[in-house]
Amino acid sequence: MTENQIHKAFLITKENVSSEHLTEQYSLNNGYKLYTSKDLKISLYETASAYTYLLGYAYNIEIPYVTPYEILKRIATEDLTSHSYSINNLNGSFVIIKSTPENIEIFSDAAGFRSPYYTSELNVVSSHDKLIGDIFGHKKIFDKINTLDNSRYEDVYKLVPSNKLTIENDTERIFPNTEMKTYSYQEILSEMKKHVKNLNLTLNKVNNKLLVGITGGIDSKCTLALTKSMRNPVKTFTYMKDIYSIQEKRARNIYKNDKIIVNRLVKNINLDHEYIEFNVNDVDPEYSRNMFEITGTTFNHPIAEIFENKYKNEEEDVLQFRSVIFSNAKFDYSKSYLTKQMSIDDIYEYLQNKMLKEYSYETAVTASDEYFKRTKTNVETNDFIELLDIIHIDSRMGNWHSQLIKETDRVMDFFNYLNDRKTLNLLLQLPIEIRRNHLFHKDLINTYWPILNFFQENGTNTLFELERDRIIENIENESGIVFKENMSLEINNNNLTLMPLVDLNDTNSLEYQFELKREKESELYSSYSNEKGRNYIEVIIQDEQQQIEKLDIVDLSKGYPIKESVKYLITINYLKPQVTASWVKAGTLYVK
2 MTENQIHKAF
12 LITKENVSSE
22 HLTEQYSLNN
32 GYKLYTSKDL
42 KISLYETASA
52 YTYLLGYAYN
62 IEIPYVTPYE
72 ILKRIATEDL
82 TSHSYSINNL
92 NGSFVIIKST
102 PENIEIFSDA
112 AGFRSPYYTS
122 ELNVVSSHDK
132 LIGDIFGHKK
142 IFDKINTLDN
152 SRYEDVYKLV
162 PSNKLTIEND
172 TERIFPNTEM
182 KTYSYQEILS
192 EMKKHVKNLN
202 LTLNKVNNKL
212 LVGITGGIDS
222 KCTLALTKSM
232 RNPVKTFTYM
242 KDIYSIQEKR
252 ARNIYKNDKI
262 IVNRLVKNIN
272 LDHEYIEFNV
282 NDVDPEYSRN
292 MFEITGTTFN
302 HPIAEIFENK
312 YKNEEEDVLQ
322 FRSVIFSNAK
332 FDYSKSYLTK
342 QMSIDDIYEY
352 LQNKMLKEYS
362 YETAVTASDE
372 YFKRTKTNVE
382 TNDFIELLDI
392 IHIDSRMGNW
402 HSQLIKETDR
412 VMDFFNYLND
422 RKTLNLLLQL
432 PIEIRRNHLF
442 HKDLINTYWP
452 ILNFFQENGT
462 NTLFELERDR
472 IIENIENESG
482 IVFKENMSLE
492 INNNNLTLMP
502 LVDLNDTNSL
512 EYQFELKREK
522 ESELYSSYSN
532 EKGRNYIEVI
542 IQDEQQQIEK
552 LDIVDLSKGY
562 PIKESVKYLI
572 TINYLKPQVT
582 ASWVKAGTLY
592 VK
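Residue numbering for the sequence shown follows my numbering, starting at 2 and increasing by one per position.
Now the structure itself:
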């Protein structure tokens, strides 16, 4: 970063402004001016009395190769509402400004990659809250940006991506589109495939270096799959924190597992891939201080510095494909929401737990209500899952994530296949079971790069492990093991070996049992015959006539006859707490 320069910056105001960050000036109506940094990509469609600007880039999801001029020409004649064409069919990373003698309207891309800030008087709009704070003297009230639509400055708010702002007038909700027709799941998939085809055709024409970040999760795997048909080369990367610097055990295990999964992907499908490993402290302190001052984020300063040094000589921004919006095609909420009768109270509790942890419940409710009012969010609804989805797009994506990606503004811009309002409206219609089982992701992967479905995701088994489990289950069924609980099974030439999966800290904490139904007469037995071990382990054998026999593990060493085609429920009880592994072996049973 050039000292503390703010990149891709803009400001809309009536005031005359002199700022090292805003060296360019453009015309708007009604006395307003648009100031920008030199590195901000700008397109303009101008008529005798009006100006329409595209700050950033935009692609039409229905028509490939549409130029910025054509996009802006359409917008200039449109009534910008939740059901207008340009509001719904533009993907990209942008802010659009439509200035006429009547008013000045502003909206961003659907997920808010470039969502701007505005003052409560609705007369100043800027890419960065810091510009408003510094130039207009707004008091700084927060250090970080991570809640609702708040900025770090008093009376300055994020224009959430579901809102359009009209200068000196009001904000208006442009998502969701309540007039959109209902689609079946297969129709949603079909629409998505059309969008992907058109977006890839457009991306094949760009000069930007294309970069996909991959992890062990299904979101990035889906993004990778959608790039398969592109002719332009796509490079992949994975950034990994130094595992031993991660204090939280669960997070450390996720990182370890991610690396294993990514290694398998890279080696088996020959990806052009780079690992970027770093320590959280591997960043120039002054660079980090400047970055925090500009963005209010602390997420990835080391990575931002690495990327700046790596790509500083590129003529065009590196276009990094992000996967985060794919979470809106999943169900990342509490399972309890599936069965309970939800109310607005659940939304308040959710927001307090996720964003307002430092607030009392009463204060969190007040802050949430003020947020709903500013963003015109409809809380008079019976579909509270949809409400959570909308909040996620507006607050998580449109505020926190929007600030996060500013960390690499000097050398990068961002792309996501789902970043248009038509697609986000379609995702709101996905059946819950489709979302819970990630079927949308898997169906898309199956269309574009099927083999990726056979690599494990973080928290799931590999295809081999799933196939092996299926084979073992078939063997168990063929061997007469109808059911087992907390038991492992080994298949040997002459017998079946069933071992309790005990908790050595408390052998009584679990129930160890299995059902057995053999197609021929067999024998159940124990290999433990030491009389000193009597009265420690009891085996209960119950047949289908409910006849029960209780045997000491020592006595069972003599064998117990299993009749042909009779179902038995066999339970192993540890009568005394044991803490040694030898007692696990002592409770092992065999069938021959």
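Even for Gly, the Cβ is constructed at its ideal location relative to N, Cα and C. A quick note: this is a predicted structure, and the numbers were derived from the prediction, not measured.
Taking the Cβ atoms as the reference, residue 66 lies roughly 6 Å from residue 206, within the contact range of under 8 Å. With a minimum length of 4 residues, the unbroken runs of alpha helix (DSSP H) contained wholly in the segment 300–378 fall at 302–312, 345–355, 362–375.
Partner residues in a beta bridge of residue 89, as assigned by DSSP, do not exist.
In the structure shown, the three-state DSSP call for residue 523 is strand. For residue 553, the closest of 546, 563, 576, 566 by C-alpha to C-alpha distance is 576.
In this model, residue 511 and residue 557 are separated by some 22 Å (Cα to Cα). Comparing C-alpha distances from residue 551 to each of 532, 559, 571 shows the shortest one belongs to 571. If the five residues before and after residue 145 are omitted, its C-beta is found closer than 8 Å to the C-beta atoms of 153, 297, 298, 299, all from its own chain and listed in chain order. Counting only runs of at least 4 residues, the segment 396–451 fully encloses the following alpha helix (DSSP H) elements, listed from N- to C-terminal order: 422–428, 433–437, 440–449. By the CB criterion at 8 Å, residue 334 and residue 277 fall outside the cutoff. Every unbroken stretch of the beta strand (DSSP E) spanning 3 or more residues and falling wholly within the segment 57–122 is given here in chain order: 91–100, 105–109, 118–120. Residue pairing from DSSP places residue 43 in a beta bridge opposite 56.
Using a Cβ-Cβ distance cut-off of 8 Å, the segment 126–134 and the segment 73–92 are not in contact, since fewer than three pairs of beta carbons, one from each stretch, lie closer than that value. Judged by DSSP in its simplified three-state form, residue 534 adopts helix. In the structure shown, the three-state DSSP call for residue 489 is strand. Residues of the same chain with a CB within less than 7 Å of the CB of residue 169, apart from the 5 flanking positions on each side, are 123, 124 in chain order. Residue 470 counts as exposed, since fewer than 16 other C-beta atoms from the protein chains shown sit within 10 angstroms of its C-beta. In this structure, residue 279 lies near residue 242, with their beta-carbon atoms less than 8 Å apart.
The distance from the Cβ of residue 35 to that of residue 109 is about 15 Å, inconsistent with a contact at the 8 Å cut-off.
In the DSSP assignment, residue 174 falls outside any alpha helix (DSSP H) and lies within the beta strand (DSSP E) extending over 171–174. Note that the C-beta distance between residue 391 and residue 378 is below 8 Å. DSSP places residue 214 inside the beta strand (DSSP E), whose first and last residues are 211–214.
At the C-beta level, residue 23 and residue 38 come within 8 Å of one another. Going by DSSP, residue 222 is part of no beta strand (DSSP E) but of the alpha helix (DSSP H) stretching over 219–227. Here residue 231 is not near residue 325, since their CB atoms are 8 Å or more apart. The C-alpha of residue 73 lies about 20 Å from the C-alpha of residue 414. Cα atoms of residue 435 and residue 474: separation of roughly 26 Å, rounded to the nearest angstrom. For residue 484, the secondary structure class from DSSP, reduced to helix, strand or coil, is strand. Within the segment 229–303, complete alpha helix (DSSP H) segments of at least 4 residues are found at 250–270, 286–296, given in chain order. Rounded to whole angstroms, the separation of the alpha carbons of residue 181 and residue 365 is 33 Å.
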